[in-house]
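Visitor: Quick one: structure below, then a few questions.
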């Protein structure tokens, strides 16, 4: 039996690497990536430092904070801060600095990244 689309977590695809992972609404995109053993650039984790800045190619996000550290123009151009962004739909993101987290060096977690 398959999960109805409205009940499954959005899937985030990271370009140009081909990583893909589930991003449930309970986790920021940054947190979901870490659970799937994918490291995205990060620092403050509260939407102010902009270290995690990446671009949405396709899909839609919402934010945990009322106004993350992005200008209206940046948001209109598709830039997001994954540390405070929640995937509303399946996403394709451009994040050239993403890299795998070796399972042996990461705390045990559920989920894993997969190539698409």
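In the UniProt record's numbering, the protein residues as written are 1 to 116. Each residue gets a CB set at the ideal place from its N, CA and C atoms; glycine is no exception. Note that the structure is a prediction, hence the values are computed from the model and not measured.
Using the C-alpha atoms, what's the distance from residue 37 back to residue 116?
Guide: Start at 1 with the first residue of the chain shown, and residue 116 comes out as number 116. Start at 1 with the first residue of the chain shown, and residue 37 comes out as number 37. Low confidence applies here, because residue 116 scores a pLDDT of 48, under 50, leaving its location unreliable and the question unanswered by this model.
Visitor: What does a CB cutoff of less than 7 Å around residue 78 pick up in its chain, not counting 5 residues either side in sequence?
Guide: Indexing the chain shown from 1 puts residue 78 at position 78. 55, 56, listed in sequence order.
Visitor: Below 8 Å on the Cβ atoms is my contact criterion, and I expect residue 98 with residue 14 to pass it. Report the Cβ-Cβ distance as a whole number of Å.
Guide: Your numbering for residue 98 matches position 98 in the chain shown. Your numbering for residue 14 matches position 14 in the chain shown. Between residue 14 and residue 98 the Cβ distance is about 5 Å, and since that is below 8 Å, they are a contact.
Visitor: Going by C-alpha to C-alpha distance, which of 96, 16, 88, 12 sits closest to residue 53?
Guide: Along the chain shown, read from residue 1 onward, the residue named residue 53 stands at position 53. Of the listed residues, the one whose Cα sits closest to residue 53 is 96.
Visitor: If we count the other Cβ atoms within 10 Å of its Cβ and call it buried at 16 or more, is residue 32 buried or exposed?
Guide: Along the chain shown, read from residue 1 onward, the residue named residue 32 stands at position 32. Buried.
Visitor: Using CA coordinates, which residue listed in 48, 69, 19 is at the minimum distance from residue 40?
Guide: Looking up residue 40 in the chain shown gives position 40. Among 48, 69, 19, the Cα nearest to that of residue 40 belongs to 19.
Visitor: Pick helix, strand or coil for residue 101, following the three-state DSSP scheme.
Guide: Taking the first residue of the chain shown as 1, we reach residue 101 at position 101. Three-state DSSP puts residue 101 in coil, outside helix and strand.
Visitor: If you check the beta carbons only, do residue 50 and residue 69 fall under 8 Å apart?
Guide: Here residue 50 refers to the residue found at position 50 of the chain shown. Here residue 69 refers to the residue found at position 69 of the chain shown. Yes, these two residues count as a Cβ contact at 8 Å.
Visitor: Among all the DSSP beta bridges, which residues are the ones paired with residue 12?
Guide: Taking the chain shown and counting its residues from 1, the one referred to as residue 12 is at position 12. DSSP output for residue 12 lists 21, 91 as bridge partner(s).
Visitor: In whole angstroms, give me the CA-to-CA distance for residue 100 and residue 34.
Guide: Sequence index remark: in the chain shown, residue 100 carries index 100 (1-based). Sequence index remark: in the chain shown, residue 34 carries index 34 (1-based). So the two alpha carbons sit approximately 9 Å from each other.
Visitor: For residue 89, which residues in the same chain have their Cβ closer than 7 Å to its Cβ, ignoring the five residues on either side in sequence?
Guide: The residue given as residue 89 occupies position 89 in the chain shown. If we look at residue 89 and ignore the five residues flanking it on each side, its Cβ neighbours are 10, 59, 60.
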